[in-house]
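A.B. asks: When we follow our numbering, the leftmost residue of the sequence shown carries the number 57, and every step to the right adds one.
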Amino acid sequence: MTDAWKSGLAAIALVSLPLVAACSETEEHTAQGATRDDGTLTLAAALGAEKDLDIVREAMDESELSGVLDGPASYTILAPDDAAFEALGKEGETLLEDEQRPVLVALLRDHLLPGHLTPESIGEAIDRKGGPVTMATLGETDVVFSREGDGIKAELEDGGSANFAGTATATNNGVVIPISQVLMPPKD
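1) Taking its Cβ as the centre, do 16 or more other Cβ atoms sit within 10 Å of residue 196, making it buried, or is it exposed?
2) What separation, rounded to the nearest whole angstrom, lies between the Cα atoms of residue 81 and residue 206?
3) Spell out a yes or no on whether the region 209-226 and the region 112-131 are touching, meaning 3 or more CB-CB pairs, one atom from each, closer than 8 angstroms.
4) Report yes if the CB atom of residue 168 is closer than 8 angstroms to the CB atom of residue 194, and no otherwise.
5) Determine contact between the region 171-186 and the region 144-160, defined as no fewer than three beta-carbon pairs at a distance below 8 angstroms.
6) Please state whether DSSP places residue 240 in a helix, a strand or coil.
7) Going by alpha carbons, who is nearest to residue 52 out of 222, 237, 240?
8) In chain order, which beta strand (DSSP E) runs of at least 3 residues are fully inside the region 148-187?
9) Quick one: using the 10 Å Cβ neighbour count with 16 as the cut-off for buried, is residue 92 buried or exposed?
10) Could you give the distance in angstroms between the alpha-carbon of residue 114 and the alpha-carbon of residue 101?
Here is the structure:
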């Protein structure tokens, strides 16, 4: 079986997992991977409603990918929180400049996955497989999900890694999963 075939099967397995709500909508969640279900919002509205995701929302607007987040297709956004962008310093600020739009689009596509994936469904897939699960991003980069303590870690193949950080939000067209770092490709 080829690696592409295995990645395809892993993607199908993750996408076909049911949405598992760990707690009620009014209950507070931790970074353990819980998902708040608010099926009345779109991905774009959910990003706009989260105060710690202002920079990634602005980046989506600047990249002109925000229209995708209001559409009918289902996506999962690995959304770096504001602290993750701020940790990039000048490099993070530069990404939002007009002349850097192609770089920003490529970077954000590596944070988008096809389908409606909650932290719970990703965790279940890791547990069923007995180890890391690999999926292809819309940027055609592999992201590997693995357990790290009680949480879940996302790592780009040959690139950056981040932990799931905070409460994910399930929307009517996908899931927003806050992460602790911007998943940067390796520097040339």
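The beta-carbon is built from N, C-alpha and C at its ideal position, and this holds for glycine as well.
All values reported here derive from a predicted model rather than from experimental measurement.
C.D. replies: This is what the structure holds:
1) exposed
2) Caution applies to residue 81, whose pLDDT of 32 falls short of 50 and renders its modelled position unreliable; the value that the coordinates give is listed next. For residue 81 and residue 206, the distance between alpha carbons rounds to 22 angstroms.
3) no
4) yes
5) no
6) coil
7) Given a span of 57 to 244 for the chain in the structure shown, any question on residue 52 remains unanswerable.
8) 168-170
9) buried
10) 12 angstroms
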